[in-house]
Structure formats: structure tokens, C-alpha cells
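Per our numbering, the sequence shown starts with residue 6, numbered consecutively.
Just below is one structure, and these are the notes that go with it.
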Amino acid sequence: MQRITEEEFQKLVSIIPPYPGVAIFHMSDEGVQLPQMLDAYAREKGYIYHPVSADEGYIARLHEAGIGKARKITYKQQRFNQHARQYDYIYIEIDPFGLDNPQLFLKKIYAISKNAAKILFFVPKVRDGLEALEALLEKANFVAINPIDDMFEEAYVLSAQKMHGWGIYDM
């Protein structure tokens with residue numbers, strides 16, 4: 006996301022409970038403002054924040070912006086996480102339909118999600134229809150799939166959740 010207001014950011018983080026050690030995974034290929042805000046918020050709250058991208062140039066921009074822990078991934082690697090960490094919140098700003106295998110991508114997201122983890126997809130409002138993404142998430146055994154229309158001016162948010170014991174994937 007290119008631009009985000011403080012009010013929009015507060016709406017986004019309002020869903021995170023004030024418990025220590027919350028782990029946030031953020032996958033994006035554009036925009037430095039949201040990662041900077043999430044990084045500062047995570048440091049202030051004592052949370053774990055891991056921004057990743059497949060775009061090497063974007064990672065360099067994040068490093069220049071002071072987010073040194075941003076790391077490069079590839080969509081073909083077996084797992085997206087490091088050190089077997091699982092995450093409470095996963096923010097995804099990339100289009101899974103632009104990847105070679107969207108279903109495999111979601112299996113990898115499922116694998117790094119803690120039980121009851123919240124996954125938020127940020128979908129630009131210029132793109133039509135969330136139905137295809139909703140169907141893909143359902144097929145990948147995510148539950149509680151809900152669109153959030155009014156959180157951001159530039160993007161729709163599609164929320165989904167991993168539930169304990171639902172849909173075990175072989176990687």
C-alpha cells in the first residue's frame with residue numbers, strides 16, 4: 006500500500022490484542038510507509054515484526070528506511086518463515102493470482118500461521134471482486150473469511166483465520 010493515514014493504521018492495529026510477544030509477518034512488494042509504521046508499533050509494544058518481499062529492490066528500500074530486519078524470500082522456497090516461527094497476524098499485500106501456484110502459496114501461509122492466526126489480504130480497490138480470493142482461501146481451509154470495506158481508502162481488506170485442527174497440509 007502506497008499511502009496510509011494514522012487513522013487507518015489505528016484501525017488496522019486495533020485488532021491486535023495487547024499481549025506480549027505477538028508475531029506479525031508482513032509480505033509486500035510496494036510502499037515503505039506501512040512497514041515503517043508496523044515496525045515502530047511492534048518495537049513499542051514488544052511484538053515481533055518480520056517484513057518480507059520477493060523484490061530485492063524493495064528490500065533495499067526498506068533497509069534504507071531503517072527496517073534492517075526486512076528479508077528477501079522467493080515464492081518457490083519451501084517455507085516463508087525462519088527458525089520454524091509461526092505468526093499470530095499475517096499481512097499480505099501481494100496478489101496470489103499473480104503467482105505460478107496460488108494454492109501452494111496459501112499452503113505455505115497456512116504452515117506459518119499459529120492456530121487462530123488472522124490473515125489479512127490487502128486488495129487494491131481498483132481490482133474487481135474479492136470472490137475469487139475468498140474461494141481460494143476457503144479451498145485452502147481458512148475460515149471466518151470476511152471482507153472489510155471501510156478500513157482503508159486505497160484497499161479492501163479480506164480477513165481469514167486458521168482454526169485449530171482444520172485442514173492439515175502436507176508440504
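Think of the CB as a built atom: it goes at the ideal place given N, C-alpha and C, for glycine as much as any other residue.
No experiment lies behind these values; they were computed from the predicted model shown.
Just checking my contact of Leu135 with Ser164 at CB under 8 Å: how many whole Å lie between their CB atoms? On the sequence shown, residue 135 is found 130 positions in, with the first residue counted as 1. On the sequence shown, residue 164 is found 159 positions in, with the first residue counted as 1. The Cβ separation is near 11 Å, so there is no contact.
Where in the stretch 41 to 85 do unbroken runs of the alpha helix (DSSP H), each at least 4 residues long, occur, reported from the N-terminal end onward? 61 to 69
Label Val128 either buried or exposed according to how many other C-beta atoms from any shown protein chain fall within 10 Å of its C-beta, with 16 as the threshold for buried. One-based indexing of the sequence shown puts residue 128 at position 123. With 16 or more Cβ atoms within 10 Å of its Cβ, Val128 is classed as buried.
Beta carbon of Tyr161, beta carbon of Lys130: below 8 Å? The sequence position of residue 161 within the sequence shown is 156, counting from 1. The sequence position of residue 130 within the sequence shown is 125, counting from 1. Yes, the Cβ-Cβ distance between Tyr161 and Lys130 is below 8 Å.
Considering only residues of the same chain and omitting the five flanking positions on each side of Pro107, which have a CB-CB separation below 8 Å? On the sequence shown, residue 107 is found 102 positions in, with the first residue counted as 1. Within the same chain, Pro107 has close Cβ partners Pro101 and Leu141.
What's the gap between the Cα of Gly51 and the Cα of Phe110? On the sequence shown, residue 51 is found 46 positions in, with the first residue counted as 1. On the sequence shown, residue 110 is found 105 positions in, with the first residue counted as 1. Distance between the alpha carbons of Gly51 and Phe110: 29 Å.
State the beta-bridge partners of Phe147 as determined by DSSP. Here residue 147 is taken as the residue at index 142 of the sequence shown, counted from 1. Under DSSP, Phe147 forms no beta bridge with any residue.
Which whole-angstrom value is the C-beta distance of Ala28 and Asp93, which I expect to be below 8 Å? For the purposes of this step, residue 28 is taken as the residue at position 23 of the sequence shown. For the purposes of this step, residue 93 is taken as the residue at position 88 of the sequence shown. Contact holds; Cβ gap of about 5 Å.
Would you mind stating whether Ile53 and Gly36 have Cβ atoms separated by less than 8 Å? Position 48 of the sequence shown, counting from 1, holds the residue named residue 53. Position 31 of the sequence shown, counting from 1, holds the residue named residue 36. Contact flag unset, no.
Buried/exposed call for Asp155, threshold 16 Cβ in 10 Å: Working through the sequence shown from its first residue, we reach residue 155 at position 150. Flag for Asp155 reads exposed.
By alpha-carbon positions, which one of Arg8, Glu69, Ile78 and Phe157 ends up nearest to Met32? In the sequence shown, the residue the question calls residue 32 occupies position 27. Comparing Cα-Cα distances from Met32 to each of Arg8, Glu69, Ile78 and Phe157, the minimum goes to Ile78.
Since Ile114 is in the alpha helix (DSSP H), which residue starts that stretch and which ends it? Translated into positions along the sequence shown, residue 114 becomes position 109. Here the alpha helix (DSSP H) through Ile114 covers Pro107 to Ala116.
For Lys74 versus His55, is the C-beta distance shorter than 8 Å? Position 69 of the sequence shown, counted from the first residue, corresponds to residue 74. Position 50 of the sequence shown, counted from the first residue, corresponds to residue 55. His55 is positioned such that its CB atom lies closer than 8 Å to that of Lys74.
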